[in-house]
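Chains A and B supply the protein sequences, listed in that same order.
Everything in the first sequence is counted per the UniProt record's numbering, starting at 1 for the first residue and increasing by one.
Everything in the second sequence is counted per the UniProt record's numbering, starting at 1 for the first residue and increasing by one.
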Amino acid sequence: MAEKSFETTSQVCCSTGSESLPILASPMESPLRKVLSRISGFVPSWGKKTAPPGRRIFHRDVEQDEFQNGTAHCLSSYYSVFVARLAIMVMLAILIGLLTVLTWHFTRVYTTKSLNTLAYGLRYELLQRPILRMWNILNSTSEITTAQVKLSEYVIRRYSKPTNQAEQIELYQMMKDITWALFASRKALNAITINYRNGFVQAFHRDHRSNNTFYIYSDLANYSISDTGSYDNKSQSSRQGWNDQFIHGNVSAIWYRQPLDPLTGEKIGKSSQIPPEDLINIAGPSQVPDGVASWHVAVSKYTDSPLLSAALPVWDASNKSIVAVVGVTTALYSVGQLMKELVEVHSGYIYLTSQEGYLLATSTNTPLLNNTAKGPKLMMAANSEDRVIRMGAQWLQKTYGNKFPPGHVVHVEKANLGGQHYYIDSFFLNLKRLPIVGVIIIPRKYIMGKVEERALKTLVILISASVCILAIGCVCILILTNGVSKEMKLRAELISHLDARRRAEASSNYKSQFLANMSHELRTPMAAVIGLLDILICDDCLTNEQYAMVTQIRKCSTALLRLLNNILDLSKVESGKLVLEEAEFDLGRELEGLVDMFSVQCINHNVETVLDLSDDIPKVVRGDSARVVQVFANLISNSIKFTTSGHIILRGWCENPNVSSDSGKFSPDQKKPMSALKTKLKHGNHMKKVSKKDNKMILWFEVDDTGCGIDPSKWESVFESFEQADPSTTRTHGGTGLGLCIVRTLVNKMGGEIKVVKKNGQGTLMRLFLLLSTPADGLEQQRQIDFAKHSVAVILALHGSMGRLIMSKWLSKNGVPTLEASEWNELTQILRELFHARTTNSGFDTHYSLAKPLRSKVQTLQDMKKLVYIIVVDLGLLDLSTEIWKEQLNFLDKFSGQVKFAWMLNHDTSNAIKMELRKKGHILMVNKPLYKAKMLHILEAVIKESYVEPQNRSPNGTKGTSKQGDSHECLEIDSTQFETCSSDDSDISEMTGANSVSSVGIREQLKEGTILKSGPPTLRNCLVEFTRLGLEVNNLRTEEDQCNGRPKFHDTKDVKCENPNSSEQPLVRSNVKDRDNSYTTNKAASEQKSLEGLRLLLAEDTPVLQRVATIMLEKMGAVVVAVGDGAQAVEALNCELDGDENRTNRLQTEICDSPPYDLILMDCQMPMMDGYEATKAIRKSEERTGWHVPIVALTAHAMSSDKEKCLKVGMDAYLTKPIDYKLMVSTILSLTKRSTKG
Amino acid sequence: MDLVQLQRQLVDYRTSLYHEGFLDEQFTQLKELQDENNPDFVVEVVSLFFEDSERLLNELSKALEQQVIDFKRIDAHVHQFKGSSSSIGAQRVQKLCIVFRNFCEAQNVEGCLKCLQQVKHEYSIVKTKLESMFQLERQILNAGGSVPV
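Written out as structure tokens, the structure is:
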């Protein structure tokens, strides 16, 4: 059993499981999907930002499309999100569905079960009661019948043998009383009848409808006592006949009905004869054939309900014959009443039928009898007028037919009767001779109606609730996963972007890196080409055409190298490898050199180059001079490119709130950006005020040209790489468009800015500022000679109007009266005006008259009698094309007594003219253009001369002047040298045609110059003379040194000023030394043996290189000691230090304070100890001696950072491998010079 | 053999060396450095180069045979080799050295080995070429002629 039940339960489980799952899966899923799809449909409407992926879950088509658009690598993440969402939703749906079903199932099953139990009880109870009542009725009826019978027996026995009529009547009277008593006691009785054997009938009848009670009796006349015997005899045989005669056949009998008082039994009316058909049902002997009680259901016309009648025979004393038959009739009305009451309380229908199906009682008011012609008859339940009862009976009959289950007990819970469900229960009551079937029909609605309604409602509520929860859950999941997927997507995008950026950066970096690394590879062949061309140019065997061609090639390669340098510079800056140097340099000097250089180019262009630096610009600043110069070189060359006529002005001033005098020359609108920037750079200013040690200065510059100008829309873009204001300019002007880009990057790197500024008039105005620091003592050099004291006046006879204007302004500001003349005639006019007393004869036209303001100026000058006039004459004023210039010179010569002439020469001024000028005693010659420093030189020279002259003139005037000439020659050369020194790039140096000389020499020269100037001229004068002499001699030597292979450029007397002796040093020693070195060697030898007498230490590990370098150096006359690695180098140096006394006897006076080697060439990569380490060690050991042996690095890399590294460890210069012969020589020379001097 | 013919042959041979890229201007410079003070300068330097190279190549082969390869050391050797070869103007060797160093940097053993083979090959070629050139020169000198420049 247990197994079985287990099996069934498991089956149930399985079945419910298997049923519920598909049910969940299919019907739950599809509405879910619909709902969700609807939600997703309006999701975008309330969340504008909802990404389309949200929809992907439901719309595969959309999804497909989107995926095709989407990137491939997002696909997997989309799918995973999609699957995850779906899984979560399905799980949620299953969960909620299960919960719903279980809840519903349990509530429903248990209520139904309990309710069914209850309903069964109720039904049973309901039916039990009418049956009980029925039973009661039967019982009471039988009791009464029995009682009547017993009483009748008793009475009849007393009067057993009525002898006479009176006795008979007495008996009947007695019977009547007894019967009445019984009848009265039972109100429910319908009738009691006594049918005597003789046919006499006594009956009491109660009409319930009219509430009348009647006594019915038959006429006595027909009956005799005698009949009794006969009756007795033939009792057995004629019973049937008696009976028939009694009831129907006894037509002769007359029936009387007497109404009685229902309570007392008194006669209240007259007895009346009634027809036999009105007679009530009177039980006869036929009904008791066996002599036992019998039951049957009868109908009467007085009642509309069936009657239950019982009949019992009354036996005589001997108990052998039936004396009378007592019949008791009870209406079943009360049963119906009870049923009605019951049904009123509980709805439903109850009916009782006989076994045959005749209706006995119903709970309805429908009639139970059929009125037929023969009188009322019992009705079949199936024919009942009540619909429900009829249908119930029919249903029972249909279902069971005649085969009722045993005991007639049927319990049907769900019988469909006319569209409604009913409970039908039937019970069988087995009475003797009257089996009764009770049927109860209760509408299911009554019991289960509420429950089912509730169950339905619960189900609906549950389903709707679960659907709601599901929908909300799905939306939540959707939103959550949406966020996650969005985040994922964003993250993926971010990652891919980062990746792309990294890759882009890397590739850009690679490019720059590549270019930067290529610098060596690119520059080396170019350097080789240029070097070889130089050699070729020096070759004597070239024809003129060949020479021209080679020169052309040389130019082209220079241009190519310049271009390469530009690109490499740019890439260097971009790759972050550009390191700015931080060294002191003379800014003014550099710029002057630059202007000098470009003026050569400009003169050909008929463009004037003017340098206009304000006086407050510090003389010495710290920074990368080469880069600063590069900035201005690029700017100026750019300007020159686009300027065909007019001028190019390089202005410079210092950002200083105190200086207001100079800013006068800028228009207010120009000052505006300055003030704006001032606030921006307040920090810098602040710094300047706070710390004097490291002054950061803002230096402003302007490059102003009168070229074609730049369209304002291009003002920004011209600084982009490869950008040109007008692409067509490439053809006319050439260039790569890199120049300005480099300028901007460099300026930015120096902490400045550059931009194009609006300009009045034609041309372009570029303005930039640089943030440069000045050394603490830099400002102290800002001294000026008070020229006003010296009472000099200047006549500027110059072509360029701009330069003249600026110069005269500056002079006037410094208290020097100036006159201006732009052409020859004007000059003569002025001269005549000034010195008309002395000009007796003039071969030139005098019809030029001076302009009014000029004349007044002249007159004021004339008033100041003691003035020393300086006339700065542009050689271009003279007519050089013909021989007139000589006459013009003669004319000017006349004034040489009163005035000093300073000649402005062009770079290509022929030697003949110079000679002529010198012959005439015009010894102040300066190359164009004229700028402040040159003017100062002129002024100082003149002032000095004016002091010296009185002393020198008397002994030998000519000699004096010649000496002066020499000194001024120096001045002239000085200026050419500026061109040289300021140009760091080889190309620029090539353009100006000067040789490359380190700026050290110039600085020395400069220093000397300033000292000379600063000292009181009268006291120093003598010394100066001698110094000059020595200087001159020395210059001769160095010139020859520098002449290596370039005699061409030195058609003017190129004098080098690498003066080894400064004014502080003993003059004699240096002179002697110089003579030793230079005068004893002839020119050829000095060309070869430029390194004569130098002791060099070569540290190089590669034997081949070592050998090559040694031979190279030895060929130039140097003494070379070669060592294999850094350690040996250090050792060699220390050895030499110890054995100082054994050294060569060269320069014996210096033994005690000079290092053993003049220079060390150090390979950077060496075994044991590399060049950097060795240098560090050497520098360390030097600390105790105080020397500084120059160390030149030899590296295979040409990067600035390598250079940086070399310089950091204490090296002085560096050379790249393979060793360039010339570069090495020049480097060594420059370094050894400095060291011997220092 | 005729002296003039020998001289021409030497010149041709030398130009071919330049043309084929075995030598470059560095070798020319080297020749320029040779004078009466150092009459055998070029030969001297070149033989120095041979010695040095053979040593370096041996070192390199050994280093590359090691289980654990010391790339730094190899790089130093190659660097040295590059320097010496560039000094005598053996530019093909030099270029290979640059490639070699790149492989070194990338720590690519196979590339290094391959490069080593190539370098050895190039080196042997340049060696034979130079030796035959010197042979020619010697022949000329023995014949009493001067080496054409």
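Glycine included, each C-beta is placed from N, C-alpha and C at the ideal position.
All of these numbers come straight from a predicted model, not from anything done at the bench.
Assuming residue i is part of the alpha helix (DSSP H), what are its boundary residues?
| i | result |
| --- | --- |
| B:L17 | 3–19 |
| A:C708 | Run containing A:C708: none; DSSP gives neither H nor E here. |
| A:Q829 | 824–835 |
| A:I1219 | Looking at the DSSP string, A:I1219 is not in any alpha helix (DSSP H), and its letter there is neither H nor E. |
| A:T764 | First-last for A:T764: undefined, no H or E at that position. |
| B:T28 | 25–33 |
Can you tell me where the beta strand (DSSP E) holding residue i begins and where it ends?
| i | result |
| --- | --- |
| A:V437 | 434–443 |
| A:V868 | 868–874 |
| A:M1168 | Neither: A:M1168 is in no beta strand (DSSP E) and is coded neither H nor E. |
| A:S309 | 307–315 |
| A:R651 | 646–654 |
| A:I178 | Where A:I178 is concerned, there is no enclosing beta strand (DSSP E), although the alpha helix (DSSP H) it sits in stretches over 165–185. |
| A:M1162 | 1159–1163 |
| A:R206 | 201–207 |
Does any CB atom of chain A fall closer than 8 Å to the CB of residue i?
| i | result |
| --- | --- |
| residue 150 of chain B | Missing from the structure shown is residue 150 of chain B; chain B here goes from 1 to 149 and no further. |
| B:Q91 | no |
| B:G21 | no |
| B:E131 | no |
| B:F134 | no |
| B:E44 | yes |
| B:F41 | yes |
| B:I88 | yes |
Pull up the DSSP beta-bridge partners for residue i, would you.
| i | result |
| --- | --- |
| A:T353 | A:L359, A:V437 |
| A:A1213 | A:V1192 |
| A:R622 | A:E584, A:S773 |
| A:T329 | A:A191, A:S309 |
| A:P259 | A:F214 |
| A:S910 | Per DSSP, none; premise fails for A:S910. |
| A:K900 | A:I870 |
| A:D612 | A:R651 |
| A:L1098 | A:A1122, A:L1161 |
Residue i: buried (16+ other C-beta within 10 angstroms of its C-beta) or exposed?
| i | result |
| --- | --- |
| A:G763 | buried |
| A:I535 | exposed |
| A:E1100 | buried |
| A:S773 | buried |
| B:P148 | exposed |
| A:R1095 | buried |
| residue 1239 of chain A | In the structure as shown, chain A begins at 1 and stops at 1238. Residue 1239 of chain A is therefore absent and cannot be evaluated. |
| A:G761 | exposed |
| A:L359 | buried |
Measure from the C-beta of residue i to each C-beta in chain D and report whether the shortest distance is under 8 Å.
| i | result |
| --- | --- |
| A:Y1221 | Of the protein chains in this structure, namely A and B, none is chain D. |
Does residue i have its Cβ less than 8 Å from a Cβ in chain B?
| i | result |
| --- | --- |
| A:R1107 | yes |
| A:R1069 | Reliability fails at A:R1069, whose pLDDT of 40 lies under 50, so the model's placement of it is uncertain and the value that follows must be treated cautiously. Not one chain B Cβ lies under 8 Å of A:R1069. |
| A:N1044 | Residue confidence is low: A:N1044 scores 42 on pLDDT, short of 50, so the model does not pin down where it sits. Its coordinate-derived value is still stated next. No - not a single Cβ of chain B is within 8 Å of the one on A:N1044. |
| A:Q513 | no |
| A:Q1165 | yes |
| A:L1161 | no |
Exercise. Looking at chain A, which residues of the region 54–77 of chain B have a Cβ within less than 9 Å of any of its Cβ atoms?
Worked result: A76
Exercise. Just by C-beta distance, which residues in the region 1094–1127 of chain A are closer than 9 Å to chain B?
Worked result: E1100, D1101, T1102, P1103, V1104, L1105, Q1106, R1107, V1108, A1109, I1111, M1112, E1114, K1115
For this session: Name, going along the chain, the residues of the region 537–549 of chain A whose beta-carbon falls closer than 7 Å to a beta-carbon of chain B.
Result: none
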